[in-house]
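Peer 1: Residue numbers (my numbering): 474 to 1057.
Where a beta carbon is used, it is the ideal one built from N, C-alpha and C, also for glycine.
Model, not experiment: these values are computed from the prediction.
Before I ask anything, let me first share the structure, which is written out below as structure tokens.
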RNA sequence: GCCAAAAUAGCUCAGCGGUAGAGCAACGCACUCGUAAUGCGUAGGUCGUGGGUUCAAUUCCCACUUUUGGCUCCA
């Protein structure tokens, strides 16, 4: 389930949800006495239970399961906890292979507890509500049937998972279902279609994005800002090819470690060319093109580099998971003693960028050395330490992901929370101890000796496609004026004022505003409705009064309206909203 | 890739063994209008693709493609 939490998961609610999953398991066992049961925990907003069933479940089955659950709840069966010997538990679940596996996995020093309600006993740590009567038969809903591998491993059998949501009161359930609807309304795929921003075409290839003119305008606004800020922050832009011969990918190690993520090779002149899944080897080619003195470092090279990666068919999702995307990539190549400052600067820059787009709630995730990895231990330690220091200096909240780094280096990921409280990973700052060595990168140090530089990969927005999708949902399509594909729609109240409308359009365009006049033969009301549905921030409505006074009447996207604003005042107001990047 | 559901006009959806229907959008005509839909009319679909069953398939069955919700993975 992708869904935001409405309330913090207090223990009572957790017990309700967990108990609900047991009730569901009882109901399912009533229907399928031969079913194998796996696990059934409480999760955010609800619960699930995994089953191995004799036949496939249909959506209609959920109705019957629901009815049976309601009956069980009404029976007021107590949840009885008992602690049993391992042997006893194994006898109890003699014909439940998944449960037997779970029992074996319980550490020796831990007690084995069972929970029983009515005719159903489950291996379970608890806790549960005291009796099914404490569950509200009107405060839960079974949401979906999904497949899930036993213990999440692809090689294990696929079980049938039933998801449900459960609350203490029906009112909370209704609230939650309402919120699911809100999330659906904000879905970037829906908004992208409604606002005509982008499309995907099954017949032309899954996971490949087509940017329509309106979407492209917004993307341009993002990219223009991005370039300007990168130059300001000491970056240079580079452009690199989209394909490279196998030598490049052998050297980088991608063909060893990342082959399953790459598009298959193209053959030409007896050589294999691969479409790039990453930009780094190309940036390194530029670096290795000549000698570098320590005086030249750091180099910071950025590129909006479009890469292609094979994603499993089932993983594709709108703009959020695609097969071709543009990273706002950059590589920082520096001496070891520049590293700490560079990291701090990247982190600051990243936070500045994210905040500029309206994301205020930002959290860091620091990932450290995994078991299988390259590089010296002291390198890992100092790199990790400088990442941690930078996070501290910026006063960011962070979580440690021990062993979660890439094999080639530690990293910081930044996640933002959107308007609905959902978390999205955007920025990533990663050390790389692998490629500098593989490509034999060097710089000449003060002592005249050739040494190996440090390299950091970083993407601030992540991928433009993904970032755009997140932004679209965050604003529910109502982009702030600096990003809006059309900032001003001029609407004459009637045909005689079309000339004034055209004049305004010209004037606004000279101010670099994205503006258009609606000269269609719709009535004014219809034009307003249209502009409103397109979520255009400013509607400028003009008739006789405005033309006479060289003024405008403004209807804001919010519905608020102001009449008779002098033209210059309006221009100035919009200009300042745009430059300050504020809403409306 | 795996499990489940789905694919009908540009969009949202109805229909379901006898080769299709609505609303919006588009187009045409009339209306000339002050803050979320003026009226009337016209046109638009080999019902995702390929097989099969049948006298007959958009409808039933199979495969494929894609989408959706999960599992897994991740920018």
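(1) Please list, in chain order, all residues of the same chain as residue 947 whose beta carbon is under 6 Å from its beta carbon, the five residues on each side excluded.
(2) Are the CB atoms of residue 736 and residue 636 nearer to each other than 8 Å?
(3) Bridge partners for residue 586 per DSSP, in chain order?
(4) Quick one: what does DSSP say residue 488 is sitting in, helix, strand or coil?
(5) Look at the Cβ atom of residue 713, then the Cβ atom of residue 778, and state whether they are nearer than 8 Å.
(6) Would you give the residue range spanned by the beta strand (DSSP E) that residue 779 belongs to?
(7) Looking at the secondary structure, which residues open and close the alpha helix (DSSP H) in which residue 988 lies?
(8) Enumerate, from N- to C-terminal direction, the unbroken alpha helix (DSSP H) stretches of 4 or more residues contained entirely within the segment 1002-1041.
(9) Do residue 678 and residue 671 count as a contact pair if the criterion is CB distance below 8 Å?
(10) On the premise that residue 571 lies in contact with residue 510, defined as a C-beta separation below 8 Å, what is that separation, rounded to the nearest angstrom?
(11) Report yes if the CB atom of residue 612 is closer than 8 Å to the CB atom of residue 639, and no otherwise.
(12) In the DSSP output, which residue or residues are listed as bridge partners for residue 525?
(13) Given residue 880, which residues of its chain have a CB within under 8 Å of its CB, disregarding the five upstream and five downstream residues?
(14) Determine the burial state of residue 950: buried for a count of at least 16 other Cβ atoms within 10 Å of its Cβ, exposed for fewer.
(15) Can you check the segment 567-620 for any alpha helix (DSSP H) of at least 4 residues that lies completely inside it and give the ranges in chain order?
(16) Using the beta-carbon count (16 or more within 10 Å), is residue 482 buried or exposed?
(17) Under the DSSP definition of a beta bridge, which residues are partnered with residue 703?
(18) Based on DSSP bridge pairs, tell me the residues matched to residue 930.
(19) Buried or exposed: where does residue 540 fall if 16 or more other Cβ atoms within 10 Å of its Cβ makes it buried?
(20) Please classify residue 499 as buried or exposed, where buried requires at least 16 other C-beta atoms within 10 Å of its C-beta.
(21) Indicate whether residue 824 and residue 835 have their beta-carbon atoms separated by less than 8 Å.
(22) On the criterion of 16 or more Cβ atoms from any shown chain inside 10 Å, does residue 752 qualify as buried, or is it exposed?
(23) When DSSP labels each residue in this structure, what does residue 830 get in the three-state scheme?
(24) So, under 8 Å CB-CB, residue 771 and residue 800 are touching, yes? Tell me the CB distance rounded to an integer number of Å.
(25) Considering only C-alpha positions, which residue in the set 790, 523 and 529 is nearest to residue 512?
(26) Looking only at its chain, what residues have a beta carbon closer than 7 Å to the beta carbon of residue 766, apart from the 5 residues adjacent to it on each side?
(27) Taking the C-alpha atoms as reference points, what is the distance between residue 474 and residue 986?
(28) Quick one: what's got a C-beta closer than 7 Å to residue 707's C-beta in the same chain, skipping five residues either side?
(29) Are there 16 or more other CB atoms within 10 angstroms of the CB of residue 1052, so buried, or fewer, so exposed?
(30) For residue 785, is the classification buried or exposed, using 16 other Cβ atoms within 10 angstroms of its Cβ as the cut-off for buried?
(31) Closest by CA to residue 616, which one among 533, 1037, 680 and 1038?
(32) Buried or exposed: which applies to residue 788, given that a residue is buried once 16 or more other Cβ atoms fall within 10 Å of its Cβ?
(33) Under a Cβ-count criterion, where at least 16 other Cβ atoms within 10 Å of its own Cβ denotes burial, should residue 828 be classed as buried or exposed?
(34) What does the Cβ neighbour count give for residue 876, buried or exposed, with the cut at 16 atoms within 10 Å?
(35) Considering only residues of the same chain and omitting the five flanking positions on each side of residue 621, which have a CB-CB separation below 6 Å?
(36) Since residue 898 sits in a beta bridge, which residues does DSSP pair it with?
Peer 2: The relevant details are as follows:
(1) 891 and 892
(2) no
(3) As a beta-bridge residue in DSSP terms, residue 586 pairs with 556.
(4) Helix, per DSSP.
(5) Contact: yes.
(6) 772-781
(7) Careful: residue 988 lies outside any alpha helix (DSSP H), inside the beta strand (DSSP E) at 988-990.
(8) 1017-1022
(9) no
(10) 7 Å
(11) yes
(12) Residue 525 is bridged to 509.
(13) 730, 843, 845, 846, 847 and 907
(14) buried
(15) 570-578
(16) Only weak support exists for where residue 482 lies, its pLDDT of 47 falling under 50; the coordinates are left without a value.
(17) DSSP, once it has assigned bridges, lists no residue as partnering residue 703.
(18) Bridge pairing for residue 930: 804 and 903 [DSSP].
(19) exposed
(20) buried
(21) yes
(22) buried
(23) When DSSP states are grouped into helix, strand and coil, residue 830 belongs to the coil group.
(24) About 20 Å separates the two Cβ atoms, so there is no contact after all.
(25) For residue 512, the nearest C-alpha among the options comes from 523.
(26) A distance below 7 Å between beta-carbons, with the five flanking residues on each side excluded, links residue 766 to the following residues of its chain, in chain order: 916 and 917.
(27) Its pLDDT being 32, under 50, residue 474 is placed unreliably by the model, and nothing is read from it.
(28) 773
(29) exposed
(30) exposed
(31) That would be 533, whose Cα lies nearest to the Cα of residue 616.
(32) exposed
(33) exposed
(34) Classified as exposed, residue 876 has fewer than 16 neighbouring CB atoms from the shown chains inside 10 Å of its CB.
(35) 523, 632 and 634
(36) 888
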